[in-house]
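Chains U and R, in that order, give the protein sequences.
Mind the numbering: the first sequence is residues 1 to 381 in the UniProt record's numbering, read in order.
Mind the numbering: the second sequence is residues 1 to 135 in the UniProt record's numbering, read in order.
Even for Gly, the Cβ is constructed at its ideal location relative to N, Cα and C.
Input: a single structure, listed below in structure tokens.
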Amino acid sequence: MDELLLRSLTPGVLGILVRRGADFAAAEDAVQDALVEAVRVWPAEPPRDPKGWLVTVAWRRFLDSARADTARRRREDLVDEEPAPGPASGADDTLRLYFLCAHPSLSPSSAVALTLRAVGGLTTRQIAEAYLVPEATMAQRISRAKRTVRGVRFDRPGDVATVLRVLYLVFNEGYSGDVDLAAEAVRLTRQLAAVIDHPEVAGLLALMLLHHARRAGRTAPDGSLVPLAEQDRGRWDTASIAEGVGILQAALARDRLGEFQAQAAIAALHADAPTAGETDWVQIVEWYDELVGLTGSPVARLNRAVAVGEADGPRAGLAALAALDDSLPRYSAVAAHLHERDGDLVTAARLYAEAAHRARNVAERDHLTRQAARLNTRLRH
Amino acid sequence: MAKYLLLKHYRGAPAAQNCVPMDQWTPEEVTAHIRFMQEFAARLEGTGEFVDAQALAPEGTFVRYDGEGRPPVTDGPFAETKDLIAGWMVIDVDSHERAVELAGELSAAPGAGGKPIHESIELRPFLAAPPTVTE
């Protein structure tokens, strides 16, 4: 039973149902039913044409529920008029589904949930587990999302930037439950890149592949964080890095720079360095300049200060930092690191402790607490 | 997509503006308060922002290891400031602004005279699992 195959077929099947005239919410329910049925039936009787099988079962489910509906008469007319399945414009259907699920009228969490369910083919239970919320909560989120996009016309291209934002949100959720959201985001972005020719889609895919490639090195066996400079680069996935770099280079060659390409370029420079000491920080600073120019993002400015600290020394990094708002997440962690490199251990220890206090996740808090403890122990001796 | 704990304090928080003990309210006021809480939770279930809610009994016991053979149950760290949490709700929302908005609504639960209690609701973000991208 190939669950990935099943899920990769989902958007195409859903797109066909919608194109045949099913409204989005009903089509989506029918496809979910068909997926459940496939999981039950396929191990014993694998279909020759999995997609055809899913379309047939889902369409039958849709008709069953439509018949039970008050709008029965109208729907049956619709079926009578239904044209024989012609050559599929599968790519367009898939693309429209991405746009619909990331529609700007949806809140970020609703767009994420709907994308995972309708495009990703995940069950409500899997999505709920991944986000650590009750299944009923996730079911509500999805059905509200479906209601929100009910009136949206399915035949107009949407804004690719909103789709990319949603996929990046999924990617950044990491891993929990039996679904690896980062891997899922890579899969969905890959699928999107196959149907749309856009340098930023390629940029996001490259960025995800490059980050994902380094995941094994990012945590120690006990779950604690390993900073980039101390990571065992032998544990990085070189095939993923090579793929990411290749995709990025092709995208950059088109000379339509966007924020994801710039971020991917930075990730590629880290991934390319054989050792942390050989990192090309000067070029990384230049890419951060591009990124700041594109987004004006305070987080990009903060990361730029780190890079400046590596390229031109801690004093230069601290000068870059001084221009920023100290309430930014990770500001004190960055300041602590720069002060330590500058030799001011007392200030660094205090800032590490402050950074630990402000950390947003457990691994980061523990890591920063250890840094503060390390310096305080040294200062006592 | 960030989880927050909303804590209702009965003691240990700044005094509410409309601070009349619940047993001094009219039965209708008590009913209105409870209905407000139920409707608040139900509404968040509807928006897909509800994670969990529980009420707590007022009695708490402090337990602390005090060395071999010494009784572990104590009277609390400082009896006179012993905190009392009435209950909690966990929400999962898109932003901190939304969490603040909801905590503000909860703080306006009706009390004596049908007027909002102005109770301080403590809003605590959950520490999450690390995100995929860390550098």
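For residue i: DSSP bridge partner residues
i: TRP88 (chain R); result: R:LEU7, R:GLN54
i: PRO125 (chain R); result: R:TYR4
i: VAL179 (chain U); result: U:SER176
i: THR74 (chain R); result: R:PHE62
i: VAL93 (chain R); result: R:ALA2
i: PRO116 (chain R); result: R:PRO110
i: ASN361 (chain U); result: R:ALA128
i: LEU225 (chain U); result: U:THR219
Other residues of its chain near residue i: CB distance less than 6 Å, five sequence neighbours each side excluded
i: ALA239 (chain U); result: none
i: LEU248 (chain U); result: ALA206, ALA264, ALA268
i: MET89 (chain R); result: LEU6, ALA53
i: LEU181 (chain U); result: ALA130, VAL170, GLU173
i: ALA30 (chain U); result: ALA58, ARG61, PHE62
i: ALA276 (chain U); result: ALA229
i: PRO83 (chain U); result: Note on PRO83 (chain U): pLDDT 48, under 50, position unreliable in the model; the coordinate value appears next. Contacts found: none.
i: residue 407 (chain U); result: Residue 407 (chain U) falls outside the range modelled here, since chain U spans only 1 to 381, and no answer is possible.
i: ALA13 (chain R); result: SER120
Option in the options with minimal Cα separation from residue i
i: ASP366 (chain U); options: U:ARG254, U:ALA220, U:ALA253, U:ALA262; result: U:ALA220
i: PRO134 (chain U); options: R:VAL51, R:LEU56, R:GLU29; result: R:VAL51
i: THR162 (chain U); options: U:LEU95, U:ALA128, U:TYR175; result: U:LEU95
i: ALA103 (chain R); options: R:GLY46, R:GLY111, R:VAL93; result: R:VAL93
i: GLU122 (chain R); options: R:GLN24, R:THR132, R:ALA129, R:VAL100; result: R:VAL100
i: ILE196 (chain U); options: U:LEU132, U:ALA130, U:VAL160, U:TYR288; result: U:VAL160
i: GLN140 (chain U); options: R:ALA32, R:GLU49, R:TRP25; result: R:GLU49
i: ALA250 (chain U); options: U:VAL282, U:VAL201, U:VAL346, U:SER297; result: U:VAL201
i: GLY60 (chain R); options: R:LYS3, R:THR47, R:LEU127, R:THR74; result: R:THR74
i: PRO199 (chain U); options: U:ALA276, U:ASP178, U:LEU164, U:VAL299; result: U:LEU164
i: ASN18 (chain R); options: R:HIS118, R:THR31, R:ARG64; result: R:HIS118
i: SER297 (chain U); options: U:ALA311, U:ASP344, U:ASP325, U:ALA276; result: U:ASP325
i: HIS9 (chain R); options: R:LEU44, R:GLU105, R:PRO58; result: R:PRO58
i: SER327 (chain U); options: U:ILE284, U:ARG358, U:ARG144; result: U:ARG358
i: PHE40 (chain R); options: R:VAL30, R:ALA108, R:LEU127; result: R:ALA108
i: ASP23 (chain U); options: U:TYR288, U:LEU167, U:PRO329, U:VAL149; result: U:VAL149
i: PHE99 (chain U); options: U:GLY158, U:ALA44, U:GLU3; result: U:GLY158
i: VAL152 (chain U); options: U:ARG370, U:TRP53, U:PRO104, U:ASP344; result: U:PRO104
i: ALA323 (chain U); options: U:ASP342, U:ASN303, U:GLU310, U:ALA311; result: U:ASN303
Exposure of residue i, with buried meaning 16 or more beta-carbon neighbours within 10 Å
i: HIS339 (chain U); result: buried
i: CYS101 (chain U); result: buried
i: residue 136 (chain R); result: There is no way to answer for residue 136 (chain R), as the model of chain R reaches only from 1 to 135.
i: GLY15 (chain U); result: buried
i: ILE127 (chain U); result: buried
i: residue 395 (chain U); result: Because residue 395 (chain U) is not part of the residues shown, which for chain U are 1 to 381, the question remains open.
i: HIS381 (chain U); result: exposed
i: GLN32 (chain U); result: buried
i: ARG147 (chain U); result: exposed
i: ILE34 (chain R); result: exposed
i: LYS115 (chain R); result: exposed
i: THR132 (chain R); result: buried
i: ALA194 (chain U); result: exposed
i: GLY317 (chain U); result: buried
i: GLU28 (chain R); result: exposed
i: PHE107 (chain U); result: Before going further, note that residue 107 (chain U) is Ser rather than Phe in the sequence given. So SER107 (chain U) counts as buried.
i: PRO130 (chain R); result: buried
i: residue 432 (chain U); result: With chain U covering only 1 through 381, there is no way to say anything about residue 432 (chain U).
i: GLU45 (chain U); result: exposed
i: THR279 (chain U); result: buried
i: GLY203 (chain U); result: buried
i: GLU28 (chain U); result: buried
Residues near residue i by beta carbon distance below 7 Å, same chain, minus five either side
i: MET208 (chain U); result: PHE171, ALA185, VAL186, THR189
i: ALA372 (chain U); result: ALA349, TYR352, ALA353, ALA356
i: GLY121 (chain U); result: LEU6, ARG7, THR10, LEU35
i: residue 396 (chain U); result: Since the first residue of chain U shown is 1 and the last is 381, residue 396 (chain U) is not available in this structure.
i: VAL20 (chain R); result: GLY111, ALA112
i: LEU321 (chain U); result: ALA305, VAL334, ALA335, LEU338
i: GLU290 (chain U); result: LEU257, ALA262
i: LEU56 (chain R); result: ILE85, ALA86, GLY87
i: ASP232 (chain U); result: GLY217
i: GLY223 (chain U); result: ALA363
i: VAL55 (chain U); result: VAL13, ILE16
i: ARG64 (chain R); result: PRO72, THR74
i: SER109 (chain U); result: ARG141
Closer than 8 Å to chain A by CB, residue i
i: MET1 (chain R); result: In the displayed structure, chain A is absent; the protein chains listed are U and R.
8 Å CB neighbourhood of residue i in its chain, flanking five on each side removed
i: ALA26 (chain U); result: PHE62, SER65, ALA66
i: ALA271 (chain U); result: LEU210, ALA213, ARG214, TRP236, ILE241, GLY244, VAL245
Note to self: For a minimum of 3 consecutive residues, which ranges assigned as the beta strand (DSSP E) are wholly contained in the region 82 to 159 of chain U?
What the structure shows: Listed in chain order, the beta strand (DSSP E) elements of length 3 or more contained wholly in the region 82 to 159 of chain U amount to none.
Item checked: Entirely enclosed alpha helix (DSSP H) segments - the region 313 to 372 of chain U, minimum 4 residues -> Complete alpha helix (DSSP H) runs here, min 4: 314 to 322, 331 to 341, 345 to 358.
Note to self: Threshold first: 3 residues or longer. Then list the beta strand (DSSP E) segments lying entirely within the region 260 to 297 of chain U, N to C.
What the structure shows: Counting whole runs of 3 or more residues, the region 260 to 297 of chain U contains no beta strand (DSSP E) stretch at all.
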